[in-house]
Amino acid sequence: MTRLLFDGVVRTDYGQFDLVWGEGAGFDGDFDRFFANQVNGLVGAAAPGGLYLHFARRSGGSRLTIRRTDAAPPLPAPRYEDIVEVSVVIPAGARVGWTSWAGETSGQLDGLPGGSYRVRVSAHGRDAGHAGEFADGIVDEYLVEMWPAPVGEDAIVRTGSSDAEYWHRDVGGRR
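Okay, so the sequence shown: first residue is 1 according to full-length UniProt numbering, each after it adds one.
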């Protein structure tokens with residue numbers, strides 16, 4: 001069974017988008033803390049209390065879909081050029097929310113109980129998002145899929161954009 005948790009356009013600044021469930025969680029600029037012991041440079045899962053996603057677009061709106069599934073879904077279509085997977089543990093009873101840089105936009109994600117999850121983040125249009133970082137309209141799109149799974153190491157599943165290659169090289173590789 002798949003449950004849609006969010007589907008819409010989120011406005012970000014500095015490409016920052018966080019899923020948060022802990023006090024004071026959210027990206028604070030410390031890449032070493034959020035990407036410690038990871039190989040990918042797009043989704044920071046090392047800091048407790050949240051998950052940091054780096055969108056390619058500097059400012060503006062990006063399409064975002066977040067789904068919870070009962071088991072690992074098949075990989076998305078090849079149009080999603082970049083895919084990474086990480087693991088998170090959400091404490092029992094925690095309220096999961098989302099926020100952009102400095103709390104400019106935020107909301108709650110209902111239907112995500114505590115537990116250990118595998119999180120797959122797939123991106124379409126990272127190069128267009130980087131090139132059109134201040135463009136009008138939507139130029140990049142993200143799909144976040146979460147399912148119950150034991151904790152495991154992060155993985156780069158697919159890299160097809162120059163932007164993702166840059167972030168994997170510059171921020172990833174902290175293992």
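Quick reminder that beta carbons are idealized off the backbone N, C-alpha and C, glycines included.
Values in this document were obtained by computation on a predicted structure and should not be read as measured data.
Checklist line | Gly97 vs Leu109 beta-carbon contact at 8 angstroms | finding: yes
Notebook entry, point to check: When the Cα of Ile83 is compared with those of Glu165, Gly173 and Arg174, which residue comes out closest?
Noted result: Glu165
Check: Hey, would you say Leu64 sits closer than 8 angstroms to Leu19, going by beta carbons?
Finding: no
Margin query: According to DSSP, simplified to helix, strand and coil, what is Asp28?
Written below: coil
Next item on the list: Note the first and the last residue of the continuous alpha helix (DSSP H) segment covering Glu141.
Entry: Looking at the DSSP string, Glu141 is not in any alpha helix (DSSP H); the run it does join, the beta strand (DSSP E), is Glu141 to Pro148.
Check: Counting pairs of beta carbons, one from the stretch 125 to 133 and one from the stretch 21 to 34, are three or more of them closer than 8 angstroms?
Finding: Counting Cβ pairs under 8 angstroms, fewer than three are found: no touch.
Next item on the list: Look at the Cβ atom of Pro78, then the Cβ atom of Leu143, and state whether they are nearer than 8 angstroms.
Entry: no
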